[in-house]
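So in my numbering the end of the sequence shown lands on 85, straight run, no missing numbers. Right, one structure below, let's go through it.
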Amino acid sequence: MESIAKAASSIGILGENAVELTCPRCQCRVKTTVRYRPSIKTHLRCLLLSWCLCCFLPYCMDSCRDAYHFCPMCGFFIGVKKF
Ligand SMILES: [Zn+2]
3 MESIAKAASS
13 IGILGENAVE
23 LTCPRCQCRV
33 KTTVRYRPSI
43 KTHLRCLLLS
53 WCLCCFLPYC
63 MDSCRDAYHF
73 CPMCGFFIGV
83 KKF
């Protein structure tokens, strides 16, 4: 239960960029590895921008994609910051 509570509190501070936190699994103080993946909203923004030929932009901007945070030590999936 304690590790779940810690994980939940970690998720609250997750942003678009890597953050320093204590991994709920290995208990190491780490800076998260962030992988960006396009979300439904990225595709919607792409559609909105298609009229001005900028539709590829949301796919290039980290702030327009979901940020998945992983522990670099054990690879544990810590949480996701939804765009
Ligand atoms: Zn870890």
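Each residue gets a CB set at the ideal place from its N, CA and C atoms; glycine is no exception.
Closest residue to residue i among the options (Cα-Cα distance)
i, options, result
"Lys43", "Arg67, Val36, Cys62, Arg27", "Arg67"
"Thr34", "Gly17, Leu50, Phe58", "Gly17"
"His45", "Val32, Cys57, Leu23", "Cys57"
"Asn19", "Gly77, Asp64, Pro26, Cys54", "Asp64"
"Val82", "Val32, Trp53, Ser41", "Ser41"
Check whether residue i and residue j have beta carbons under 7 Å apart
i, j, result
"Arg39", "Pro60", "no"
"Phe85", "Phe79", "no"
"Val36", "Cys25", "no"
Legend entry - Inside the segment 32 to 62 only - beta strand (DSSP E) runs reaching at least 3 residues: For the segment 32 to 62, whole beta strand (DSSP E) runs of length 3 or above, ordered along the chain, are 35 to 39.
Inset, instruction - Kindly provide the chain-ordered list of residues whose Cβ lies closer than 5 Å to any non-hydrogen atom of ligand 1. - result: In chain order, the qualifying residues are Cys25, Arg27, Cys28, Cys73, Met75, Cys76, Phe78.
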